[in-house]
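So the sequence lines, in the order shown, correspond to chains A and B.
Numbers 285 to 400, taken from the numbering used here, label the letters of the first sequence in order.
Numbers 464 to 574, taken from the numbering used here, label the letters of the second sequence in order.
Idealized CB from N, CA, C, for every residue including glycine.
A short write-up of the structure that comes next.
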Amino acid sequence: GAVVSQHPSWVICKSGTSVKIECRSLDFQATTMFWYRQFPKQSLMLMATSNEGSKATYEQGVEKDKFLINHASLTLSTLTVTSAHPEDSSFYICSARGLSSYNEQFFGPGTRLTVL
Amino acid sequence: QKEVEQDPGPLSVPEGAIVSLNCTYSNSAFQYFMWYRQYSRKGPELLMYTYSSGNKEDGRFTAQVDKSSKYISLFIRDSQPSDSATYLCAMSVRYGQNFVFGPGTRLSVLP
């Protein structure tokens with residue numbers, strides 16, 4: 285089956301620093317990758333959608349300059365949380381969609397970010 | 464009104480029980496319906512995928528879609544403690560379009 289990995293699985297950082305999270309599709313080419321945010325006991329909230337080689341499309345209310353998304357290849361997308369603050373602490377999950385599974389998203393295991 | 468609604472639970476059942484999980488939605492244009500299972504601190508995994516109305520069965524899991532009532536269900540037979548997780552419904556209007564997720568229902572199956 286399609287496998288999506290995320291790195292790191294958890295990260296703790298100081299307020300004001302930037303954190304980069306990687307999302308990789310290991311055995312398929314991901315034409316589209318999605319970034320979600322999930323607070324405890326709440327559902328997934330889509331932050332942005334990125335197509336390989338294009339600028340990401342952000343959902344309403346998501347700051348483009350704070351959450352930088354890069355989808356430079358068909359197997360890698362990165363989310364950089366810039367100048368992180370404690371309110372950015374959350375569970376960040378990526379998912380990927382390939383050409384052969386156009387209506388299915390495969391999720392990564394998530395990255396837990398804690399900003400002190 | 465939220466676009467997709469689910470009872471957040473928690474829902475606790477004894478091992479072996481039949482579990483019924485449900486979602487209601489407001490957008491009658493939804494045609495593709497998915498159920499995901501998410502264990503604590505893990506990413507969601509796809510359980511069932513259905514198109515339009517009808518039933519679909521896969522092992523102990525059965526998904527039902529009633530578009531006239533804008534209501535979908537996931538049934539789990541012979542529930543096991545390993546089924547304890549949060550179950551998320553998701554749906555989309557067109558093939559390949561972004562999903563809209565429900566808030567999820569937390570299920571605990573007690574041994």
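Paired residues, beta bridge with residue i - DSSP
i, result
"R381 (chain A)", "A:T316"
"Q290 (chain A)", "A:C307"
"Q527 (chain B)", "B:N518, B:S536"
"A553 (chain B)", "B:M497, B:F564"
"V482 (chain B)", "B:I539"
Contacting residues, own chain, Cβ-Cβ under 7 Å from residue i (five flanking each side not counted)
i, result
"R523 (chain B)", "I539, R540, D541"
"E478 (chain B)", "S542, Q543, P544, V572, L573, P574"
"S475 (chain B)", "S571, L573"
"T487 (chain B)", "E468, K533, Y534"
"E508 (chain B)", "Y499, R500"
"G517 (chain B)", "V528"
Under 9 Å by beta carbon: chain B residues contacting residue i
i, result
"A391 (chain A)", "According to the sequence shown, residue 391 (chain A) is Phe rather than Ala. In chain order: Y499, Q501, K505, G506, P507, E508, L509."
"E388 (chain A)", "M497, L509, Y512"
Listed by chain order, chain A residues near residue i by CB distance under 8 Å
i, result
"T565 (chain B)", "Note that residue 565 (chain B) corresponds to Gly in the displayed sequence, not to Thr. Correct list: S327."
"N561 (chain B)", "F318, L330, T333"
Buried versus exposed, by CB contacts within 10 Å (16 or more), residue i
i, result
"T395 (chain A)", "buried"
"V287 (chain A)", "exposed"
"L537 (chain B)", "buried"
"F493 (chain B)", "buried"
"R504 (chain B)", "exposed"
"S327 (chain A)", "buried"
"G392 (chain A)", "buried"
"R308 (chain A)", "buried"
"T301 (chain A)", "exposed"
"A356 (chain A)", "exposed"
"S531 (chain B)", "exposed"
"G559 (chain B)", "exposed"
"Q344 (chain A)", "exposed"
Same chain only: Cβ atoms within 6 Å of residue i, ignoring 5 sequence neighbours per side
i, result
"Q313 (chain A)", "L358, G382"
"A340 (chain A)", "A332, S334, I353"
"K350 (chain A)", "T366"
"I481 (chain B)", "R540"
"F564 (chain B)", "L551, A553"
Through-space distance from residue j to residue i, alpha-carbon basis
i, j, result
"A526 (chain B)", "S367 (chain A)", "43 Å"
"V346 (chain A)", "T568 (chain B)", "26 Å"
"L570 (chain B)", "K465 (chain B)", "22 Å"
"M497 (chain B)", "A553 (chain B)", "5 Å"
"Q533 (chain B)", "T315 (chain A)", "With the sequence shown as reference, residue 533 (chain B) is identified as Lys, and Gln is not the correct amino acid for it. Computed Cα separation, rounded: 31 Å."
"L310 (chain A)", "S483 (chain B)", "34 Å"
"Y376 (chain A)", "Y320 (chain A)", "6 Å"
"S361 (chain A)", "S489 (chain B)", "33 Å"
"K325 (chain A)", "S338 (chain A)", "33 Å"
"L510 (chain B)", "S379 (chain A)", "15 Å"
Close-in-space but distant-in-sequence residues of the same chain around residue i (CB under 8 Å, 5 per side omitted)
i, result
"S373 (chain A)", "L397, T398, V399"
"C297 (chain A)", "V303, A368, L397, T398, V399, L400"
"S491 (chain B)", "K530, K533"
Interface residues of chain B facing residue i [CB-CB closer than 7 Å]
i, result
"I377 (chain A)", "G506"
Residue i: contacting residues in chain D (beta-carbon distance under 8 Å)
i, result
"L551 (chain B)", "Absent from the structure is chain D; the protein chains it does hold are A and B."
Proximal residues of chain B, C-beta to C-beta of residue i below 8 Å
i, result
"G394 (chain A)", "R504, K505, G506"
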